[in-house]
Amino acid sequence: MITRTDTIRQTPFWQRELAESILNIDDLLRYIHLDRADTDISDIAHEEFSLRIPIAYADRIKKSDPDDPLLRQILPLCAEMQSVPGFNHDPVADQQSVVAQGLLQKYHGRALIITTGACAIHCRYCFRRHFPYNASHAAVSDWSGALDYLRDNPLISEVILSGGDPLTLSDTRLSKLVQKIEAIPHIKTLRIHSRIPVVLPSRICDKLLNWIGKSRLNIVMVIHCNHAQEIDFSVIDALQSLKNAGVTLLNQSVLLAGINNTADALQKLSEVLFSAGVLPYYLHLLDPVAGAAHFDVGKPQAKNLITSLQARLPGYLVPRLVQEIAGEPSKTPVISGFMG
Ligand SMILES: *Cc1c(COP(=O)(O)O)cnc(C)c1O
Ligand code: SF4
């Protein structure tokens, strides 16, 4: 018989931490010492895409500062309710790239599994905030639709686990999925797209490191960090243990007005990432998703920022500025130094 204490003991620490996340506006305001009057909060925005933030991340928000760059990423604001031309509900045409249940293929050689709709944190600028996850993720029918497609397509050598955030799934489920992927001989690389090493570092637990360490696949983890202040000692520890398990660590960021759109912020981010063992990969222009227009940084400013970074940093610490244009064969580089 499984007793209540057994169940509690068996629940991994990170799952308990995830369950204790801050899920409503008043709890958050109390935690960071702000009043409603200090901010431009919108309950309707919260109803549309609910607030969610792990305590581990809330602890890195500066108290009593409505402009804190971490707070601005997660706070539901009135500005989200403005309808802005060009900002829509499926800006990157994900729904047109679905090739099997929960599997997207846009680019040659790699396919992306939507493993889950869940995330550990809700980022207000997220391009998937309107994606009908629950109907589209691949876990339905035990991943079989996605796995059949991968088996039948020998030109695919890399599988990307995405979501939502794949690391919200238990290690039991993830390792079973990964075993099935490992059994497909033409798959060489497993890539995990996750914001969790940054927002819930306790998730990088021994069980996870164990199945990662045993895999025959090349493992790449692309974390998602937008600001140097997101990286504290617990995050550095988590990244170090992934690195020790043989994982290649890269970072993608989104260029966000009021958060990281200065050369100083981006330089610091690259430097802090590098000292934590992570190389910058992409800096994405914001996808034009409805509700996120107030985060938009224009292309001319984005190009100037990259030019400044090039003058300040070694080439390997300058992220590639890209945007996603529906129907293109790759992410599209936004090149500085040219007109247009
Ligand atoms: C972004 C993305 C990828 C990964 O592209 P890379 O340039 O290899 O990082 C793969 N598949 C889909 C559907 C994507 O949106
Ligand atoms: S963690 Fe990633 S997928 Fe989830 S809400 Fe944030 S940006 Fe979107």
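Note that this note's numbering numbers the sequence shown so that position 149 is 147, with each residue one more than the last. Where a beta carbon is used, it is the ideal one built from N, C-alpha and C, also for glycine.
With 16 other Cβ atoms within 10 Å as the buried cut-off, status of residue i
{"i": "Asp150", "result": "exposed"}
{"i": "Met219", "result": "buried"}
{"i": "Lys104", "result": "buried"}
{"i": "Arg28", "result": "exposed"}
{"i": "His184", "result": "exposed"}
{"i": "His347", "result": "Residue numbering for the chain in the displayed model covers -1 to 338; residue 347 lies beyond these limits and cannot be assessed."}
{"i": "Asp146", "result": "exposed"}
{"i": "Gln342", "result": "The structure shown does not extend to residue 342, since the chain spans only -1 to 338, so no value can be given for it."}
{"i": "Arg193", "result": "buried"}
{"i": "Val245", "result": "buried"}
{"i": "Arg189", "result": "buried"}
{"i": "Ile59", "result": "buried"}
{"i": "Lys329", "result": "buried"}
{"i": "Arg14", "result": "exposed"}
{"i": "Asn224", "result": "buried"}
{"i": "Leu166", "result": "Before going on, a small fix: residue 166 reads as Thr here, not Leu. Looking at its Cβ environment, which holds 16 or more other Cβ atoms inside 10 Å, Thr166 is buried."}
{"i": "Arg34", "result": "exposed"}
{"i": "Val252", "result": "buried"}
{"i": "Pro83", "result": "exposed"}
Coarse secondary structure for residue i, derived from DSSP in three states
{"i": "Arg127", "result": "coil"}
{"i": "Thr9", "result": "coil"}
{"i": "Val400", "result": "Because the chain is modelled from -1 through 338, residue 400 falls outside the range shown and cannot be assessed."}
{"i": "Leu247", "result": "strand"}
{"i": "Ala324", "result": "coil"}
{"i": "Met337", "result": "With a pLDDT of 49 at Met337, under the threshold of 50, the modelled position of that residue is not reliable, and no figure is offered here."}
{"i": "Leu319", "result": "strand"}
{"i": "Val276", "result": "coil"}
{"i": "Val82", "result": "coil"}
{"i": "Arg201", "result": "helix"}
{"i": "Leu27", "result": "helix"}
{"i": "Thr37", "result": "coil"}
{"i": "Ala17", "result": "helix"}
{"i": "Thr166", "result": "helix"}
{"i": "His282", "result": "strand"}
{"i": "Val252", "result": "strand"}
{"i": "Leu271", "result": "helix"}
Any non-hydrogen atom of ligand 2 within 7 angstroms of residue i CB
{"i": "Asp339", "result": "Outside the displayed span of the chain (-1 to 338) sits residue 339, for which this structure offers no information."}
{"i": "Cys124", "result": "yes"}
{"i": "His222", "result": "yes"}
{"i": "Arg193", "result": "yes"}
{"i": "Ile23", "result": "no"}
{"i": "Ile119", "result": "yes"}
Limits of the beta strand (DSSP E) - the one that residue i falls within
{"i": "Thr187", "result": "187 to 192"}
{"i": "Lys104", "result": "101 to 105"}
{"i": "Val218", "result": "216 to 222"}
{"i": "Ala98", "result": "96 to 98"}
{"i": "Arg108", "result": "108 to 112"}
Residue range of the unbroken alpha helix (DSSP H) whose run includes residue i
{"i": "Ala300", "result": "297 to 310"}
{"i": "Asn208", "result": "204 to 212"}
{"i": "Asn242", "result": "231 to 242"}
{"i": "Ala56", "result": "53 to 56"}
{"i": "Ser173", "result": "169 to 180"}
{"i": "Gly115", "result": "Element bounds for Gly115: n/a, residue is neither H nor E."}
{"i": "His44", "result": "41 to 46"}
{"i": "Ala144", "result": "142 to 150"}
{"i": "Arg70", "result": "69 to 72"}
Residue i beta carbon near ligand 1 (any heavy atom closer than 7 angstroms)
{"i": "Leu188", "result": "no"}
{"i": "Ile217", "result": "no"}
{"i": "Lys212", "result": "no"}
{"i": "Arg50", "result": "no"}
{"i": "Ile158", "result": "yes"}
{"i": "Leu253", "result": "no"}
{"i": "Tyr105", "result": "yes"}
{"i": "Leu101", "result": "no"}
{"i": "Ser155", "result": "no"}
{"i": "Lys241", "result": "no"}
{"i": "Ser328", "result": "yes"}
{"i": "Arg14", "result": "no"}
{"i": "Leu307", "result": "no"}
{"i": "Leu206", "result": "no"}
{"i": "Ser19", "result": "no"}
{"i": "Arg127", "result": "no"}
Residue i at chain B interface by Cβ criterion, 8 angstroms
{"i": "Phe231", "result": "Within the model displayed, chain B is absent; a lone protein chain is all it includes."}
(Q) Would the region 61 to 69 count as touching the region 271 to 281 if we require 3 or more Cβ pairs under 8 angstroms? (A) In short, these stretches do not touch, since the Cβ pair count stays below three.
- Do the region 178 to 188 and the region 121 to 128 touch if we need at least three Cβ pairs shorter than 8 angstroms? Cβ pair count under 8 angstroms is below three, so no.
Under 8 angstroms: do the region 144 to 162 and the region 199 to 210 share three or more Cβ pairs, one atom per stretch? Proximity of the region 144 to 162 to the region 199 to 210 falls short of the contact definition, fewer than three beta-carbon pairs being nearer than 8 angstroms.
Counting Cβ pairs closer than 8 angstroms, one from the region 75 to 92 and one from the region 288 to 306, do we hit at least three? Between the region 75 to 92 and the region 288 to 306 there are three or more C-beta pairs closer than 8 angstroms, enough to call the two in contact.
Open item on the list: Between the region 311 to 325 and the region 251 to 268, can you find at least three pairs of beta-carbon atoms closer than 8 angstroms?
Closed with: Short answer: they touch.
Checklist entry - Any contact of the region 296 to 314 with the region 102 to 122, i.e. 3+ C-beta pairs under 8 angstroms? => result In this structure the region 296 to 314 does not touch the region 102 to 122; the number of beta carbon pairs closer than 8 angstroms is below three.
* the region 36 to 56 touching the region 13 to 20, judged by at least three CB pairs closer than 8 angstroms -> Judged by Cβ distances under 8 angstroms, the region 36 to 56 makes contact with the region 13 to 20, as three or more pairs qualify.
* To do: Evaluate contact between the region 295 to 309 and the region 106 to 120, counting only Cβ atoms and requiring at least three cross-stretch pairs below 8 angstroms.
  => With the cut-off at 8 angstroms, the region 295 to 309 and the region 106 to 120 do not touch.
Evaluate contact between the region 86 to 94 and the region 226 to 233, counting only Cβ atoms and requiring at least three cross-stretch pairs below 8 angstroms.
-> Contact fails: fewer than three Cβ-Cβ distances are below 8 angstroms.
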